[in-house]
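Asker: Using the working numbering, the first residue of the sequence shown is number 340, and each one after it goes up by one. Every residue gets a Cβ at the ideal spot worked out from N, C-alpha and C, and that includes glycine. Can you read through this structure? Questions will come right after.
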Amino acid sequence: MSRTKPEIHWLPRRSGAFHVPAGAAPTAVVVGGGIAGIAAATVLAERGVRVTLLEKEAELGGRAGGFAELLPTGERVQMERGFHGFFRQYYTLRALLSRIDPKLSMLTELADYPVLGPGGEVQSFSGLPKRTPLQVMALTMRTPHLKARDLAHVNGLAALEMLAFDTERTYARFDRMSASEYLASLAMPERARRMLFDVFAHSFFNPEAQMSAAELLMMFHFYFTGNPEGLIFDVVNEPLGTALWRPMASYLEKRGVRIETGAAVTRIERSGDKHVVQHAYGSTTADMLVLALDVGGLQAVIAESPSLQPLWPSVSAMRATHPFGVLRLWLDRPVRADRVAFAGTTGIGMLDNISVYERFQGESARWAREHGGSVVELHAYAVPPEASADEVRADLLAGLHAFYPETQGATILHERFLMRGDCPAFPPGGHALRPQVATALPSVALAGDGIAAPVPCALMERAAITGFLAANTLLAPLGVMPEPIRSVPSQGLLAPPSFLRRKPREIEIDEAAQ
Numbered sequence: 340m341s342r343t344k345p346e347i348h349w350l351p352r353r354s355g356a357f358h359v360p361a362g363a364a365p366t367a368v369v370v371g372g373g374i375a376g377i378a379a380a381t382v383l384a385e386r387g388v389r390v391t392l393l394e395k396e397a398e399l400g401g402r403a404g405g406f407a408e409l410l411p412t413g414e415r416v417q418m419e420r421g422f423h424g425f426f427r428q429y430y431t432l433r434a435l436l437s438r439i440d441p442k443l444s445m446l447t448e449l450a451d452y453p454v455l456g457p458g459g460e461v462q463s464f465s466g467l468p469k470r471t472p473l474q475v476m477a478l479t480m481r482t483p484h485l486k487a488r489d490l491a492h493v494n495g496l497a498a499l500e501m502l503a504f505d506t507e508r509t510y511a512r513f514d515r516m517s518a519s520e521y522l523a524s525l526a527m528p529e530r531a532r533r534m535l536f537d538v539f540a541h542s543f544f545n546p547e548a549q550m551s552a553a554e555l556l557m558m559f560h561f562y563f564t565g566n567p568e569g570l571i572f573d574v575v576n577e578p579l580g581t582a583l584w585r586p587m588a589s590y591l592e593k594r595g596v597r598i599e600t601g602a603a604v605t606r607i608e609r610s611g612d613k614h615v616v617q618h619a620y621g622s623t624t625a626d627m628l629v630l631a632l633d634v635g636g637l638q639a640v641i642a643e644s645p646s647l648q649p650l651w652p653s654v655s656a657m658r659a660t661h662p663f664g665v666l667r668l669w670l671d672r673p674v675r676a677d678r679v680a681f682a683g684t685t686g687i688g689m690l691d692n693i694s695v696y697e698r699f700q701g702e703s704a705r706w707a708r709e710h711g712g713s714v715v716e717l718h719a720y721a722v723p724p725e726a727s728a729d730e731v732r733a734d735l736l737a738g739l740h741a742f743y744p745e746t747q748g749a750t751i752l753h754e755r756f757l758m759r760g761d762c763p764a765f766p767p768g769g770h771a772l773r774p775q776v777a778t779a780l781p782s783v784a785l786a787g788d789g790i791a792a793p794v795p796c797a798l799m800e801r802a803a804i805t806g807f808l809a810a811n812t813l814l815a816p817l818g819v820m821p822e823p824i825r826s827v828p829s830q831g832l833l834a835p836p837s838f839l840r841r842k843p844r845e846i847e848i849d850e851a852a853q
């Protein structure tokens with residue numbers, strides 16, 4: 340098995356037919372219209388299942404969706420729940436989006452996403468080699484925050500774990516350790532740790548002290564040490580709803596999917612061998628069910644549904660992590676011309692990144708040209724639960740002024756502040772308790788970025804992978820070919836060789852990528 344090439348996974352095992360048997364036409368309800376639900380609905384509909392997709396919000400997209408915002412001028416623009424980077428190794432998400440645009444022309448590459456620290460510190464990630472361990476060596480040599488004398492004191496054995504990811508071994512050894520304990524064990528200088536690791540660790544919405552070290556090591560592997568595509572990501576060049584989810588809705592509707600927005604699900608009952616889904620518009624009956632909800636929504640639906648009680652033991656252990664805050668500002672003057680589209684930040688308050696939307700998104704660029712201003716968004720991950728909305732907003736604004744001093748004299752023409760607490764927690768010791776896609780009920784599958792996946796993945800890619808796998812799981816008894824899952828290598832460069840590990844489930848190497 341190659342450890343430097345993407346892999347193709349057929350899960351469950353490959354079957355022969357692409358469509359459900361002629362005349363069968365089973366039905367399915369997908370609850371949740373985020374990435375996971377859209378992915379599941381796509382595969383089910385393409386295989387001949389009659390699908391109803393229920394979403395409680397007015398628009399599809401979930402945490403990667405958007406909504407209309409009315410400016411004081413009467414202009415209507417799109418607001419989102421924070422910046423989203425579409426990394427090149429998000430193979431499954433990209434496969435989903437290629438349904439509406441095979442060339443993915445809605446995405447634009449960002450050449451760099453520097454990390455900014457106090458006192459003008461900058462760490463760039465552009466131009467690194469793609470192959471392991473060359474990218475690690477290049478980053479170590481490049482960073483001004485790690486000197487040769489510092490390397491003598493670094494815990495080399497702990498650091499090498501970032502190159503030795505293996506699901507069974509890594510979770511067995513590190514899942515009960517917190518991410519903060521692991522990072523402390525590296526014995527890196529504080530400045531180097533802050534510039535190289537803190538922003539990355541925060542990006543998964545979980546505070547380091549309450550996040551599994553194994554989960555952090557998996558994410559290091561997925562994004563950096565096991566990523567064949569390099570540290571490159573793209574951004575959507577128009578608002579997410581416009582560029583992705585409205586075209587995706589049209590794609591699904593053309594394949595017979597009935598999409599109901601504003602359709603919050605309250606309860607699911609059983610009638611014979613059918614699921615009866617109660618929602619805001621009445622009820623929908625189906626043979627198969629996909630629950631693609633956030634933690635709170637999933638637990639609420641199952642708690643009210645006696646027929647789903649076999650799922651409760653695994654789902655009840657799930658928790659949402661700390662809230663996150665998003666502040667978008669429409670300013671009366673532009674930020675400095677050399678400001679990048681996206682920068683991570685560390686060391687000043689709660690602020691974790693700054694996005695200048697007119698640098699990459701068409702709608703904001705048009706607004707900025709017309710008004711001579713800037714559209715700037717500030718994001719804080721894993722906000723302390725005791726912090727009030729006013730405190731978080733003030734802290735984010737102070738961080739912006741510290742990193743981009745030219746904004747201190749700008750007038751805020753309009754602002755929108757959001758705080759949400761619906762991202763999944765990945766606590767120490769929680770891996771074995773995480774719900775799986777396949778459930779104790781053969782006609783019910785789970786999907787979402789809090790559901791366990793059989794390959795390294797995170798965030799939007801985990802949502803897409805579990806969505807595809809939910810559809811595959813429900814289609815398998817019908818003898819229908821699964822949707823392939825393409826992933827980064829399952830093991831790191833220094834992981835134990837295969838003959839020392841248990842035999843993995845069926846994996847085929849992506850020969851086209853070699």
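#1: Based on the DSSP secondary-structure assignment, which residues constitute the bridge partners of isoleucine 751?
#2: Would you list, in sequence order, the uninterrupted beta strand (DSSP E) runs of no fewer than 3 residues that lie entirely inside the stretch 509–592?
#3: Around the Cβ of arginine 708, are there at least 16 other Cβ atoms within 10 angstroms (buried) or fewer (exposed)?
#4: Quick one: what does DSSP say valine 783 is sitting in, helix, strand or coil?
#5: Quick one: using the 10 Å Cβ neighbour count with 16 as the cut-off for buried, is phenylalanine 422 buried or exposed?
#6: Whose C-beta lies closer than 7 Å to the C-beta of alanine 498 among residues of the same chain, with five residues either side of it excluded?
#7: Identify the continuous beta strand (DSSP E) that holds valine 369 and give its terminal residues.
#8: Near arginine 420, what residues of its chain come up, given a Cβ to Cβ distance below 8 Å and the 5 sequence neighbours on each side ignored?
#9: Suppose only complete runs of 3+ residues qualify. What are the beta strand (DSSP E) ranges in the stretch 693–776, listed by chain order?
#10: Are at least three pairs of beta-carbons, each pair with one atom in the stretch 692–705 and one in the stretch 514–523, less than 8 Å apart?
#11: With a cut-off of 8 Å, do at least 3 Cβ pairs link the stretch 548–565 to the stretch 347–354?
#12: Helix, strand or coil, according to DSSP, for threonine 412 in the structure here?
#13: Taking 8 Å as the CB-CB limit, is proline 351 close to chain C?
#14: Tell me which same chain residues have a C-beta within less than 6 Å of the C-beta of tyrosine 452, skipping the five on either side of it?
#15: Please go through the same chain and pick out, in chain order, the residues whose beta-carbon is closer than 7 Å to the beta-carbon of glutamate 702, but skip the five residues on each side of it.
#16: On the three-state DSSP scale, how would you describe valine 640?
#17: Is the beta carbon of arginine 672 closer than 8 Å to that of glycine 712?
#18: DSSP beta-bridge partners for lysine 613?
#19: With DSSP run on the structure shown, which of helix, strand or coil describes phenylalanine 422?
#20: So does glycine 664 have its beta carbon nearer than 7 Å to some heavy atom of the ligand SAH?
#21: Can you pull the DSSP bridge partners for valine 654?
#22: With a CB to CB cut of under 6 Å and the five nearest residues on each side skipped, what residues in its chain are close to proline 586?
#23: Return the CA-CA distance between arginine 488 and valine 604, expressed in angstroms with no decimal places.
#24: For leucine 409, count neighbouring Cβ atoms within 10 angstroms of its own Cβ and tell me buried if that reaches 16, exposed if not.
#25: Quick check on DSSP: helix, strand or coil for glycine 362?
Answerer: Quick answer:
#1: Stepping through the sequence shown from its first residue, residue 751 is reached at position 412. Looking at the DSSP assignment, isoleucine 751 forms a beta bridge with Leu670.
#2: 572–575
#3: Working through the sequence shown from its first residue, we reach residue 708 at position 369. Answer is exposed; the Cβ neighbour count stays below 16.
#4: Translated into the one-based positions of the sequence shown, residue 783 becomes position 444. Of the three classes helix, strand and coil, the one that applies to valine 783 here is strand, per DSSP.
#5: If you number the sequence shown from 1, residue 422 lands on position 83. So phenylalanine 422 ends up on the buried side.
#6: Numbered from its first residue, the sequence shown carries residue 498 at position 159. Around alanine 498: Leu525.
#7: The sequence position of residue 369 within the sequence shown is 30, counting from 1. From DSSP, the beta strand (DSSP E) with valine 369 extends over 366–370.
#8: Reading the sequence shown from its first residue, position 81 is the one you call residue 420. Here the set comprises Arg402, Ala403, Gly404, Gly405, Val665, Leu757, Arg759.
#9: 713–719, 751–759
#10: no
#11: no
#12: One-based indexing of the sequence shown puts residue 412 at position 73. Reduced to three states, the DSSP call for threonine 412 is coil.
#13: As a matter of chain content, chain C is missing from the structure shown, which is built from one protein chain.
#14: To locate residue 452, count along the sequence shown from 1; it is residue 113. If we look at tyrosine 452 and ignore the five residues flanking it on each side, its Cβ neighbours are Phe681.
#15: Residue numbering aside, residue 702 sits at position 363 when the sequence shown is read from its first letter. Cβ within range, chain order: Val416, Gln417, Glu577, Pro578.
#16: Position 301 of the sequence shown holds residue 640. The answer is helix: DSSP assigns valine 640 an H, G or I state.
#17: Here residue 712 corresponds to residue number 373 of the sequence shown, with the count starting at 1. Here residue 672 corresponds to residue number 333 of the sequence shown, with the count starting at 1. For glycine 712 and arginine 672, yes; Cβs fall inside 8 Å.
#18: Counted from its first residue, the sequence shown places residue 613 at position 274. Ser610, per the DSSP bridge assignment.
#19: One-based indexing of the sequence shown puts residue 422 at position 83. Of the three classes helix, strand and coil, the one that applies to phenylalanine 422 here is coil, per DSSP.
#20: Of ligands this structure carries none, so the ligand SAH is not represented either.
#21: Taking the first residue of the sequence shown as 1, we reach residue 654 at position 315. Paired residues: none, contrary to the question.
#22: Along the sequence shown, read from residue 1 onward, the residue named residue 586 stands at position 247. Closer than 6 Å at Cβ, skipping near neighbours: Ile439.
#23: On the sequence shown, position 149 is the one that residue 488 refers to. On the sequence shown, position 265 is the one that residue 604 refers to. Cα-Cα distance, rounded: 59 Å.
#24: Locating residue 409 in the sequence shown gives position 70, counting from the first residue. Its Cβ having fewer than 16 others within 10 Å, leucine 409 is exposed.
#25: Mapped onto the sequence shown, residue 362 falls at position 23. If DSSP states are grouped into helix, strand and coil, glycine 362 belongs with coil.
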